[in-house]
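**Student:** Take 252 as the starting number for the sequence shown in this note's numbering and just add one per residue.
One structure, as structure tokens, below. Some questions next.
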Amino acid sequence: MEEVYAIVYLDTSFYSVKEDGIVRKKVIYNVIGINLDGYKDILIASVDGLTGFVDAIHAAFPKTEVQMCIVHQLRNTFKYVPHKYRKEITKDLKPIYQAPNLEAAETALEEFEKKWGKTHPIAVQIWKNNWELAYFKYSKPIRKLIYTTNPIENVHLQFR
252 MEEVYAIVYL DTSFYSVKED GIVRKKVIYN VIGINLDGYK DILIASVDGL TGFVDAIHAA
312 FPKTEVQMCI VHQLRNTFKY VPHKYRKEIT KDLKPIYQAP NLEAAETALE EFEKKWGKTH
372 PIAVQIWKNN WELAYFKYSK PIRKLIYTTN PIENVHLQFR
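Structure follows, in structure tokens:
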């Protein structure tokens with residue numbers, strides 16, 4: 252391992268594997284780090300929503316900033332939204348994750364909750380439950396690096 256990782260992307264990919272004539276689902280856990288010289292630590296971890304990642308990271312690296320992948324958060328939201336509302340909800344979510352700062356994002360989240368909270372409470376709760384974002388602590392160039400786990404998902408495509 253390197254001494255310092257400025258950003259670490261963690262993600263999983265599920266594959267069907269034939270073992271003893273039976274097709275089973277297997278998981279691959281992938282981690283890609285963008286490194287620097289310095290102390291052994293993870294500064295920012297960009298993760299998908301897999302259960303246990305955040306707890307495992309904080310157990311080993313308690314000072315690590317954890318950022319939930321916005322793309323995964325959107326996908327998770329749309330699991331609970333009928334197709335006919337997705338376009339409008341997508342439009343209403345953009346002011347949250349594209350906000351210039353935390354205060355503007357919180358205001359946008361409140362507006363989103365007012366509009367959709369009664370008809371799509373789970374979609375709203377997904378954003379409220381994952382609100383501890385490292386995202387708004389950083390400038391736009393850093394945000395572009397940590398808002399998604401796409402760099403590691405590109406590795407998944409190479410595995411397939």
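All residues carry an ideal CB built from backbone N, CA and C; glycine is no exception.
What does the alpha-carbon distance come out to for the pair Tyr331 and His371?
**Tutor:** 7 Å
**Student:** Just curious, the alpha helix (DSSP H) that Gln318 is in, first and last residue?
**Tutor:** Premise fails: Gln318 lies in the beta strand (DSSP E), Glu316 to Met319, not in any alpha helix (DSSP H).
**Student:** Confirm the yes/no value for this check: CB of Tyr386, any heavy atom of the ligand HEM, distance under 7 Å.
**Tutor:** Of ligands this structure carries none, so the ligand HEM is not represented either.
**Student:** If you reduce the DSSP assignment to three classes, tell me which class Lys335 lands in.
**Tutor:** helix
**Student:** Taking only three categories from DSSP, how would you classify Leu287?
**Tutor:** strand
**Student:** Please report the residue range of the alpha helix (DSSP H) in which Thr370 lies.
**Tutor:** No alpha helix (DSSP H) contains Thr370, which DSSP labels as neither H nor E.
**Student:** Which residues in the same chain as Gln318 place their Cβ atom closer than 8 Å to its Cβ, once the five residues preceding and following it in sequence are excluded?
**Tutor:** Closer than 8 Å at Cβ, skipping near neighbours: Ile295, Ala296, Ser297, Val298, Leu384, Ala385, Tyr386, Ile397 and Tyr398.
**Student:** What are the boundary residues of the alpha helix (DSSP H) that Ile395 is part of?
**Tutor:** Contrary to the premise, residue 395 reads as Lys rather than Ile in this sequence. It spans Lys391 to Ile397 - the alpha helix (DSSP H) in which Lys395 sits, taken as one unbroken run.
**Student:** For Phe265, name the three-state secondary structure that DSSP assigns.
**Tutor:** strand
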